[in-house]
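Going line by line, the protein sequences match chains R and U. According to the working numbering, the residues represented by the first sequence are 461 to 665, in order. According to the working numbering, the residues represented by the second sequence are 713 to 915, in order. C-beta: ideal position from N, C-alpha, C; glycine also. Structure first, commentary second.
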Amino acid sequence: MHKILFLLFFISISVIAQKEMTPTEAVALKTKVKTRAEAISTVMSEFTQYKHLDFLSDDIVSQGKLAFKVPNLVKWEYTEPFAYSVLFKNETLFINDDGNKSNMDVGSNKIFKQLNQLITASIRGDMFDDNEFNIKYFKINDSSLVYFLPKDEQFSKFIKAFHLTFNANGDVIEVKMIEPSDDYTHIKFTDRVVNKTLSDAVFTE
Amino acid sequence: MRYLLSSLSLFLLIGCASYPVQNGFEPKSDSPKKTSNPYFSNARKDYVYKAKIDAFNRSFGGIFIVKKLGAEHHRIAFTTEIGNTIFDFTFKGDDFRVNRILKDLDRKVLINILKRDFKALTQEHSPVKKNFVLNTENILQTDILSKKHYFYYNDEQLNKIVRVDRNKEKVEFTFTNIDDQFAKQIEIAHHNFKLHIALKAFK
Numbered sequence: 461m462h463k464i465l466f467l468l469f470f471i472s473i474s475v476i477a478q479k480e481m482t483p484t485e486a487v488a489l490k491t492k493v494k495t496r497a498e499a500i501s502t503v504m505s506e507f508t509q510y511k512h513l514d515f516l517s518d519d520i521v522s523q524g525k526l527a528f529k530v531p532n533l534v535k536w537e538y539t540e541p542f543a544y545s546v547l548f549k550n551e552t553l554f555i556n557d558d559g560n561k562s563n564m565d566v567g568s569n570k571i572f573k574q575l576n577q578l579i580t581a582s583i584r585g586d587m588f589d590d591n592e593f594n595i596k597y598f599k600i601n602d603s604s605l606v607y608f609l610p611k612d613e614q615f616s617k618f619i620k621a622f623h624l625t626f627n628a629n630g631d632v633i634e635v636k637m638i639e640p641s642d643d644y645t646h647i648k649f650t651d652r653v654v655n656k657t658l659s660d661a662v663f664t665e
Numbered sequence: 713m714r715y716l717l718s719s720l721s722l723f724l725l726i727g728c729a730s731y732p733v734q735n736g737f738e739p740k741s742d743s744p745k746k747t748s749n750p751y752f753s754n755a756r757k758d759y760v761y762k763a764k765i766d767a768f769n770r771s772f773g774g775i776f777i778v779k780k781l782g783a784e785h786h787r788i789a790f791t792t793e794i795g796n797t798i799f800d801f802t803f804k805g806d807d808f809r810v811n812r813i814l815k816d817l818d819r820k821v822l823i824n825i826l827k828r829d830f831k832a833l834t835q836e837h838s839p840v841k842k843n844f845v846l847n848t849e850n851i852l853q854t855d856i857l858s859k860k861h862y863f864y865y866n867d868e869q870l871n872k873i874v875r876v877d878r879n880k881e882k883v884e885f886t887f888t889n890i891d892d893q894f895a896k897q898i899e900i901a902h903h904n905f906k907l908h909i910a911l912k913a914f915k
């Protein structure tokens, strides 16, 4: 009985912690993200990725760097525990798998593209596309949590939902991609540097 | 002419000879009752590998994951680097289940190849049919999914599994960089078509 009460207590705490935004608050968030986006030309960030599979004892952890340059150059580079990078350039996906270069990949292509679009769009501030996603807005203390549920039936078989967390400034600090099985990939961004000159060499294939 | 005939008969003889004869295996009488593959036997461990797959002139990478969930029960998944599941299989006793597979790869032929490969890769024990020696190696013959498999041991350490069909090597599984009961590098090489899987442990 005590255990149940204890559990209920925590459930109610988490319900309080995550509260749905009013339409006005949602509009305010969109405006904040957009205003912030208009002032951004480059972003560099470290990230840590946690892959959660229910049947594993621990999440699979990898780390790397993200680089973005307007209008739409994005590079994801995993550095630990393996070397692997994906570059989005001119609508093409360039992969460097520990020195082995290619410009295609099985499965990840569409996912990466969609994720890339989301990240790019969130930095630019035009991510809130009601044609592509059912969108839900929540607030947790100072940060905002936005659920993007893909409307495309084929795509939703890949990814059921994207959850993006914004800090008080309107920067994306976490991305969670949830698969139909409820397994997920959780990416946390740290050490974000904005508008530092980024040479094109960073985005060389 | 005589030379040609004798070479031809030699060729035919070797060609038809069984895999153990072709390779000069010596039969051995005392033999363990079961094969032993310890590399995916620890239920407390998450086996996580960076994978490189070369298939039919295409090359792609991902994360290969194996988890032992109980006796004769393994879950095997392959995801992209960013974590999206490409396939996810369950092996439990004689049962095999596809929990998830990318639509583009949902082909019976491919699933059967992967099923055979991963069953041979993870099966901990299988009844020994014959036992051989070759130099310092001890070789155990067994059947996995009705196909002949030869398990090569050196100092009781498993370093290779070979699947043989009609006396020919079809698939070779090699285990290297072995730390206790953990194979940090694994290769699965198909000889009759272009499929090569290289696995390198995360840590």
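Give the residues of chain R in contact with residue i, contact being defined as C-beta atoms less than 7 Å apart.
i: residue 760 of chain U; result: 520
i: residue 812 of chain U; result: 641
i: residue 789 of chain U; result: 513
i: residue 775 of chain U; result: 520
Count the other CB atoms, across all protein chains shown, that sit within 10 Å of the CB of residue i; report buried if there are 16 or more and exposed otherwise.
i: residue 870 of chain U; result: buried
i: residue 567 of chain R; result: Since pLDDT at residue 567 of chain R reaches only 49, below the 50 mark, its modelled position is unreliable, and the value read off the structure follows with that caveat. Classification for residue 567 of chain R: buried.
i: residue 600 of chain R; result: exposed
i: residue 875 of chain U; result: buried
i: residue 614 of chain R; result: exposed
i: residue 650 of chain R; result: exposed
i: residue 693 of chain U; result: The first residue shown for chain U is 713 and the last is 915, placing residue 693 of chain U beyond what the model contains.
i: residue 779 of chain U; result: buried
i: residue 773 of chain U; result: buried
i: residue 484 of chain R; result: exposed
i: residue 524 of chain R; result: buried
i: residue 846 of chain U; result: exposed
i: residue 805 of chain U; result: exposed
i: residue 800 of chain U; result: buried
i: residue 793 of chain U; result: buried
i: residue 844 of chain U; result: buried
i: residue 473 of chain R; result: Residue placement at residue 473 of chain R is poorly supported in this model, since its pLDDT is 49, which falls under 50; the coordinates still yield a value, given next. By the 10 Å Cβ count, residue 473 of chain R comes out exposed.
i: residue 908 of chain U; result: exposed
i: residue 487 of chain R; result: exposed
Show which residues of chain R have a CB atom less than 9 Å away from the CB atom of residue i.
i: residue 771 of chain U; result: 557, 560, 562
i: residue 756 of chain U; result: 517
i: residue 781 of chain U; result: 515
i: residue 827 of chain U; result: Under the 9 Å cutoff, chain R gives no residues; its nearest Cβ is about 18 Å from residue 827 of chain U.
Pop quiz: residue i and residue j are said to be a contact at Cβ under 8 Å. What is the actual Cβ separation, rounded to whole angstroms?
i: residue 694 of chain U; j: residue 903 of chain U; result: A query on residue 694 of chain U cannot be resolved here, the shown segment of chain U reaching from 713 to 915 and no further.
i: residue 855 of chain U; j: residue 842 of chain U; result: Not confirmed; about 11 Å, so no contact.
i: residue 526 of chain R; j: residue 643 of chain R; result: Wrong, their Cβ atoms sit about 22 Å apart, outside the cutoff.
i: residue 637 of chain R; j: residue 626 of chain R; result: In fact, because the Cβ distance is near 16 Å, the residues do not count as touching under 8 Å.
i: residue 624 of chain R; j: residue 502 of chain R; result: Wrong, their Cβ atoms sit about 20 Å apart, outside the cutoff.
i: residue 791 of chain U; j: residue 511 of chain R; result: 7 Å
i: residue 921 of chain U; j: residue 857 of chain U; result: Only positions 713 to 915 of chain U appear in this structure, which leaves residue 921 of chain U out of reach.
i: residue 761 of chain U; j: residue 914 of chain U; result: 7 Å
i: residue 764 of chain U; j: residue 910 of chain U; result: 5 Å
i: residue 547 of chain R; j: residue 663 of chain R; result: 6 Å
Regarding residue i and the ligand NAP, is the C-beta to nearest heavy atom distance less than 7 Å?
i: residue 592 of chain R; result: Of ligands this structure carries none, so the ligand NAP is not represented either.
Which residues in chain U sit within 7 Å of residue i, going by Cβ to Cβ distance?
i: residue 552 of chain R; result: Within chain U, no residue comes near residue 552 of chain R; the closest Cβ sits about 16 Å away, beyond 7 Å.
Interface residues of chain U around residue i at Cβ under 8 Å?
i: residue 478 of chain R; result: What residue 478 of chain R touches in chain U: nothing, since even the nearest Cβ is about 23 Å away.
i: residue 618 of chain R; result: 796
i: residue 509 of chain R; result: 794, 795
i: residue 645 of chain R; result: 794, 795, 796
Could you list which residues in chain R have their beta carbon closer than 8 Å to that of residue i, in chain order?
i: residue 914 of chain U; result: 520, 541, 542
Exercise. How about the region 492-505 of chain R and the region 630-646 of chain R: do they share at least three Cβ pairs that are nearer than 8 Å?
Worked result: yes
For this session: May I ask you to list, following chain order, the residues of the region 793-810 of chain U that have a beta carbon less than 7 Å from some beta carbon of chain R?
Result: 793, 794, 795, 796, 797, 798
For this session: Residues of the region 512-545 of chain R with a CB closer than 7 Å to any CB of chain U: list them in chain order, please.
Result: 513, 515, 516, 517, 518, 520, 538, 541, 542, 544
Exercise. Given 8 Å as the limit, is there contact between the region 777-790 of chain U and the region 825-841 of chain U, that is, 3 or more CB pairs closer than that?
Worked result: yes
For this session: Tell me, please, whether the region 814-826 of chain U touches the region 725-744 of chain U by the rule of three or more beta-carbon pairs shorter than 8 Å.
Result: no
Problem set entry | Contact the region 763-772 of chain U vs the region 602-614 of chain R: 3+ CB pairs below 8 Å | no
Exercise. When the Cβ atoms of the region 887-894 of chain U are set against those of the region 743-757 of chain U, are three or more pairs found closer than 8 Å?
Worked result: yes
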